[in-house]
Amino acid sequence: MEAEVEEYLDLGLIRPSNSPRASPVLMIRKPDGEIRLCIDYRRLNAVTVKDCYPMPLIDDIIDVLGDARLFSTMDIASGYWNVPMHENSVAKTAFTCKYGLYEWLVMPFGLCNAVPAFERLMETVLVDLKWRVCLVYLDDCVIFSKDFPSHLIRVRQVLTRFRQARFKRRSVIGGAAK
Numbered sequence: 068m069e070a071e072v073e074e075y076l077d078l079g080l081i082r083p084s085n086s087p088r089a090s091p092v093l094m095i096r097k098p099d100g101e102i103r104l105c106i107d108y109r110r111l112n113a114v115t116v117k118d119c120y121p122m123p124l125i126d127d128i129i130d131v132l133g134d135a136r137l138f139s140t141m142d143i144a145s146g147y148w149n150v151p152m153h154e155n156s157v158a159k160t161a162f163t164c165k166y167g168l169y170e171w172l173v174m175p176f177g178l179c180n181a182v183p184a185f186e187r188l189m190e191t192v193l194v195d196l197k198w199r200v201c202l203v204y205l206d207d208c209v210i211f212s213k214d215f216p217s218h219l220i221r222v223r224q225v226l227t228r229f230r231q232a233r234f235k236r237r238s239v240i241g242g243a244a245k
């Protein structure tokens, strides 16, 4: 836990806090055996006004992808950490552990509005490209095309947007339909 807290401080993701409230930290073992620091935001989430931003419907996605022959997927690394917290909300994200009291400067995992906030950010970054060049579902982006020359153009367009938004890609995978 100490190493994770130090890393988050070094990366500028968290800072020491003076918040009058805090959520507890839990250490959870992942399926691969690695330990993950998790913050129990259930009490905060219970009093949070829920954001009802819509997620894409699978039927709409299938309709758009139907004629495509080429696909590339991109995964945004540490997606939520690309979303800065509003200064008025930073203290609400405070968490306590044996090393101190800290608060997030970027959106942490576990907040009930994290999913819609991140979806909104992704769709805003790709606003004029979504549904005609790419599809977005949380931290995944699928670029689709009918031919290779147009696919290269589309991949460049999306990469340019991600670079302008200062997103970090975790992976890019391509494929073709038979």
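Numbered according to our numbering, the sequence shown spans residues 68 to 245. Beta carbons: idealized from backbone N, C-alpha and C, even for Gly. Computed from a predicted model, the values in this text were never measured in an experiment.
Asked: Neighbour-count burial assignment, N149, 16 or more Cβ in a 10 Å radius; Found: buried
Asked: Beta-carbon gap between V203 and E190 smaller than 8 Å; Found: yes
Asked: C-alpha distance - Y75 paired with I81, whole-angstrom precision; Found: 6 Å
Asked: F215 (DSSP reduced to helix, strand or coil); Found: helix
Asked: Three-way DSSP call (helix, strand, coil) for Y169 in this model; Found: strand
Asked: Residue of A144, C105, V157, K97 minimising C-alpha distance to F229; Found: A144
Asked: Cutoff 8 Å: T140 Cβ touching any chain B Cβ; Found: Absence of chain B from the displayed structure is noted, only one protein chain being present.
Asked: For S156, the first and last residue of its enclosing alpha helix (DSSP H); Found: 154 to 157
Asked: Secondary structure, alpha helix (DSSP H): runs of 4+ residues fully inside the region 80 to 151; Found: 109 to 113, 125 to 132
Asked: Beta carbon of F185 nearer than 8 Å to that of L172; Found: no
Asked: I102 versus C164: straight-line alpha-carbon distance, rounded; Found: 15 Å
Asked: Rounded separation between L111 and E170 - CA only; Found: 13 Å
Asked: 6 Å CB neighbourhood of S238 in its chain, flanking five on each side removed; Found: Only weak support exists for where S238 lies, its pLDDT of 46 falling under 50; the value from the coordinates is given anyway. Around S238: D142.
Asked: Residue span of the beta strand (DSSP E) that contains T163, given as start and end; Found: 162 to 164
Asked: Near the ligand SAM: V173 beta-carbon under 7 Å from a heavy atom; Found: Looking at this structure, you won't find the ligand SAM or any other ligand, since it has none at all.
Asked: S238 - DSSP class collapsed to helix/strand/coil; Found: Confidence in S238 is poor, its pLDDT being 46 and thus under 50, which makes the residue's placement too unreliable to answer from.
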